[in-house]
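Take any residue in the sequence shown, count from 1 to its spot, add 642: that is its number in this note's numbering. All residues carry an ideal CB built from backbone N, CA and C; glycine is no exception. Scroll down for the structure; my scribbles are underneath it.
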Amino acid sequence: MTPDQPVVLVLDDEELLRESLSLFLENEGFIVFQAVSAENALALLPGLSCQAVVVDIRLPGLSGLQFIEKAHGLWPRLKFLIYTGSPGVFLSPEVLAAGVTPDFLFTKPAADLSYLAQALRRLLAVP
């Protein structure tokens, strides 16, 4: 681990997708942590020096959108990228205020995860 490696959290309740995306991002040079629910992510984040979260929308308990709103309120500098199987996601004003735009919204399964990794790098470059 080097100081310039970006640290991300992958939040997805589907184990296979979470594991495969995490492995891909690690191979792309990211330091990756995983969470199975929004509540799990909210418990983990205080102990991590995380810069971004890759968020699924459909989760048990709090939805991914509710998680983004809550996490943004607690950690305003945290960035979010949505990776979901839910088509037609509506980005509320609160989610837009957290910096999530259509450029950072990806639909599962992605044909090429390198586009997601590139978007994550762009997201982390935004002040």
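Residues of its chain near residue i, where Cβ-Cβ distance is below 6 Å and the 5 sequence neighbours each way are ignored
| i | result |
| --- | --- |
| residue 616 | It is not possible to answer for residue 616, since the shown part of the chain is limited to 643 through 769. |
| residue 727 | 750 |
| residue 722 | 695, 697, 710, 740 and 742 |
Whole-angstrom distance between residue j and residue i, CA atom to CA atom
| i | j | result |
| --- | --- | --- |
| residue 732 | residue 705 | 13 Å |
| residue 666 | residue 761 | 14 Å |
| residue 698 | residue 655 | 8 Å |
| residue 660 | residue 713 | 19 Å |
| residue 711 | residue 684 | 12 Å |
| residue 662 | residue 729 | 21 Å |
| residue 746 | residue 736 | 15 Å |
| residue 650 | residue 703 | 22 Å |
Chain-order list of residues whose beta-carbon lies under 8 Å from that of residue i (same chain, five-residue window excluded)
| i | result |
| --- | --- |
| residue 752 | 725 and 758 |
Among the options, nearest to residue i - alpha-carbon criterion
| i | options | result |
| --- | --- | --- |
| residue 742 | 708, 756 and 658 | 708 |
| residue 719 | 765, 670 and 745 | 765 |
| residue 700 | 688, 689 and 678 | 678 |
Which residues DSSP lists as bridging residue i, in chain order
| i | result |
| --- | --- |
| residue 673 | 649 |
| residue 732 | BP columns for residue 732 are empty, so no partner. |
| residue 724 | 697 and 747 |
Cβ separation of residue i and residue j, assumed to be a contact under 8 Å, to the nearest whole Å
| i | j | result |
| --- | --- | --- |
| residue 693 | residue 671 | So it is not a contact: roughly 13 Å between Cβ atoms. |
| residue 695 | residue 738 | With 8 Å as the limit, residue 695 and residue 738 do not qualify as a contact, their Cβ atoms being about 16 Å apart. |
Contact set for residue i: own chain, Cβ-Cβ below 7 Å, skip 5 residues either direction
| i | result |
| --- | --- |
| residue 664 | 652, 674 and 676 |
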